[in-house]
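Asker: Sequential numbering from 2 applies to the sequence shown in my numbering. C-beta atoms are modelled at their ideal positions from N, C-alpha and C, and glycine is treated no differently.
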Amino acid sequence: MLTKLQQEIENVFEDFPKYWENKLLLKNVIIEDIRNYEPKLLSALLKNQTIQKAYSLEANGVHIFKIEEFISVLRYKSYLKNSYTKYSNEIGLTIDGKYLKYNSDVLLDFPHKDGILEGRMTQEDVGKEEVYYHNILANEEIDVLLSPKVFNNVKKYDVNGESIPVDFKETDNLMIKGNNLIGLHSLKKHYEGKIKMIYIDPPYNTKNDSFKYNDRFNHSTWLTFMKNRLEIAKDLITDDGSICISIDHNEIAYLMILMDQIFGKNNLRNIITVKRSSVSGAKVINPGVVNVSDYVLIYSKSPTQWSSNKVFREKERDSRYNNYIENIDDSPEDWRYQTILDAFAAHLNIEKKLLKKHFGTNYNERLNEFVYEKKDNIIRFASLDDRQISAKVKEIKYLSKLDNKKTYIIKRENYNNYYLFKGNAILFFKDRLIDVDGQLRFGELISDIWDDVLPNDLHNEGGVTLRKGKKTEKLLERLIKLCTNENEIVLDFFAGSGTTAAVSMKTNRKFIAIEQMDYIENITKQRLINVIQSDKSGVSKNNNWQGGGSFIFTEIHELNQQYKSSILNSSEKKEIQDLLCTLKTMPYLNIKVDLEKIINTQKNFFELTLEQQKELLIQLLDSNQLYLSYSEIDDKQYEIDDQTKAFNHSFYQEGV
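1) Taking DSSP as the reference, what is the three-state secondary structure of residue 334?
2) Quick check on DSSP: helix, strand or coil for residue 392?
3) Give the range of the alpha helix (DSSP H) segment to which residue 357 is assigned.
4) Secondary structure at residue 650, three-state DSSP: helix, strand or coil?
5) Closer than 8 Å is the cut-off here; do at least three beta carbon pairs connect the region 159 to 172 with the region 642 to 652?
6) Pull the bridge partners of residue 555 from the DSSP assignment, please.
7) Determine the direct distance from the alpha carbon of residue 238 to that of residue 198, and round the result to whole angstroms.
8) Whole angstroms is fine: what's the gap from residue 242's alpha carbon to residue 265's?
9) Which class does residue 240 belong to by DSSP, given the choice of helix, strand or coil?
10) Taking only runs that begin and end inside the region 251 to 329, name each unbroken alpha helix (DSSP H) of 4 or more residues, in chain order.
11) With DSSP as the reference, label residue 514 as helix, strand or coil.
12) Three or more C-beta pairs closer than 8 Å, one from the region 630 to 638 and one from the region 143 to 160: is that the case here?
13) Using the rule of at least 16 other Cβ atoms within 10 Å of the residue's Cβ for burial, across every protein chain shown, is residue 245 buried or exposed?
14) Under the three-state reduction of DSSP, which class applies to residue 66: helix, strand or coil?
15) Going by Cα to Cα distance, which pick from 349, 251 and 200 is closest to residue 515?
16) Along the chain, where does the beta strand (DSSP E) that runs through residue 413 open and close?
17) Of the residues 39, 36 and 70, which one's Cα is nearest the Cα of residue 52?
18) How about residue 333: is its C-beta nearer than 8 Å to some C-beta of chain B?
19) If distances are taken between C-alpha atoms only, which option among 46, 190, 281 and 276 comes closest to residue 476?
20) Check whether the region 375 to 394 and the region 425 to 433 touch, using three or more Cβ-Cβ pairs below 8 Å as the test.
21) Going by C-alpha to C-alpha distance, which of 630, 303 and 177 sits closest to residue 502?
22) Using DSSP bridges, identify the partner residues of residue 437.
23) Which of helix, strand or coil does DSSP assign to residue 507?
24) Whole angstroms are fine: how far does the CA of residue 584 sit from the CA of residue 615?
25) Going by C-alpha to C-alpha distance, which of 38, 537, 420 and 368 sits closest to residue 504?
26) Could you tell me if residue 562 is buried or exposed, where buried requires 16 or more neighbouring beta carbons within 10 angstroms of its beta carbon?
27) Relative to the C-alpha of residue 573, which candidate in 543, 612, 548 and 330 has its C-alpha closest?
28) Does the beta-carbon distance from residue 179 to residue 313 come in below 8 Å?
29) Straight-line CA distance for residue 1 to residue 364?
30) From residue 171 to residue 553, what distance separates their C-alpha atoms?
31) Are the region 313 to 322 and the region 439 to 456 touching, with three or more C-beta to C-beta distances below 8 Å?
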């Protein structure tokens, strides 16, 4: 049953035949007319007292219609029977009854807080519900909002400290403070098709707001938020590159469907299960299975060109490597075989049966030392399945069975040679060793279960603290070494505490990091300064990190965004009043009403609650002027200095 407000809205639209087709409401036509301030429609809506009360603000006798709020109702609520909004809130994979893939009018349709228009993203509201301000932009406005933006406050950090660069080099690492969607679009000209790997750890859509992001979107909004960023991110990746996304169980199913749409189902490479904690503490109080896992989705850009590396993890030494080759430096025809214990006893000139008695409790340790010392000589035999080997190898296999004294060799270009003895392949212990913190250890190829990437000192990694917000350096090291080679570019546009950037430097990769939260100054940036100054935590030892390197830190130049942030961070009406006085002096701001009238004559405005005042001012600021577009960098009213201009011209390769 329709509520009174719903019925009143429908009654108004019934007086306009052009808004209906076969009893279906042409919602997009209505929205277009409302945005164009169609007089008859707005007049009809405001004449209705119920609608006027719900969707307008009165200031000194003048009613200001809350256009965007009303439009958001048309889009997201099932207010009207037979309208295209009927199923929009059902499952979160559609907007306005259309699958996200096919809906071209949803790009920026989500609350300010949820990313582009971030609202109160830099502080937590303890003990109260989040306040959402909606701002919906038409398609024709999007090009302006997402055009390349000016970077200001540019600084370079290296072993010599801080300096101000005037150009951008291909070898430079880059850290950007600002909205990540705006940042991604600003990267496109310089980096389209150049980034080998993207890693992101986005908000998980839970109530655990570790990074102070709005981390409890509804499914529909969260998917739109992610879709905006993933579409432009895909353009930045190389043809043989990949994207890795950390996610938990709350959104993994939804995210996979979205990723299948954007990257293609055939490009799903792996679903990694990552152990993030132990079965202990408060987690064991509740009944049922204890959740200690997160996931990493790995998608490639191309189904055929994806490039990845073999990566190994440490494990206990495989006891099947229990044979020893004498004369390993001679021709394989002269190789002689014995057990490890025989070789160990001969090496020490001790009878084999006396070895355990000789070493006592140190026996296993000393045997292990011998195995690693003689790693080149240690082997195991492996049977060969005729169905999985070539005809040539099969021929040599059976030949070697007939000649049980000779070791046969099959030389292969660009691959390890085949060695066969008595019909079995020879596998070398040395080929299974990996470097762990500067020491050789037995390893195995990684699987899709990672239970070894949680260090004991996570909170101390990088020399910065962001409790419950860090990903481990070991996790990022494994992903980066899996998906990239040295000197290739890694991008993280939810940079957080800077783990991705830190590991990229330590493994000799280039990085781009984007973070809009204020802690980028004293956490993210400081962590990278620590890395330059030879930070010893995390994976430093494993990569022999001695310090060095550099990065450029910059901010996206704010216009209306700085005032929007001030509005949202205001805690009392006096701050709003002072801000109004500031706004009216800004010549380049496009305000939708006369601020002078509000300040001097609109008594009713100051009688509104603080939240109502903030909501109204948010509506009045022009969203196309959140940030300064690069195309306007030479406009004198913005007073951009020559050094900043030079850096931006270099970054955007003006004239190239």
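Answerer: With the structure as the only source:
1) helix
2) helix
3) 356 to 360
4) helix
5) yes
6) 177
7) 7 Å
8) 14 Å
9) strand
10) 253 to 264
11) strand
12) yes
13) buried
14) strand
15) 200
16) No beta strand (DSSP E) holds residue 413; DSSP gives it neither H nor E.
17) 70
18) Looking for chain B here will not work: only one protein chain is present.
19) 276
20) yes
21) 177
22) 440
23) helix
24) 14 Å
25) 537
26) buried
27) 612
28) no
29) Nothing about residue 1 can be read from this structure; the chain reaches only from 2 to 657.
30) 12 Å
31) yes
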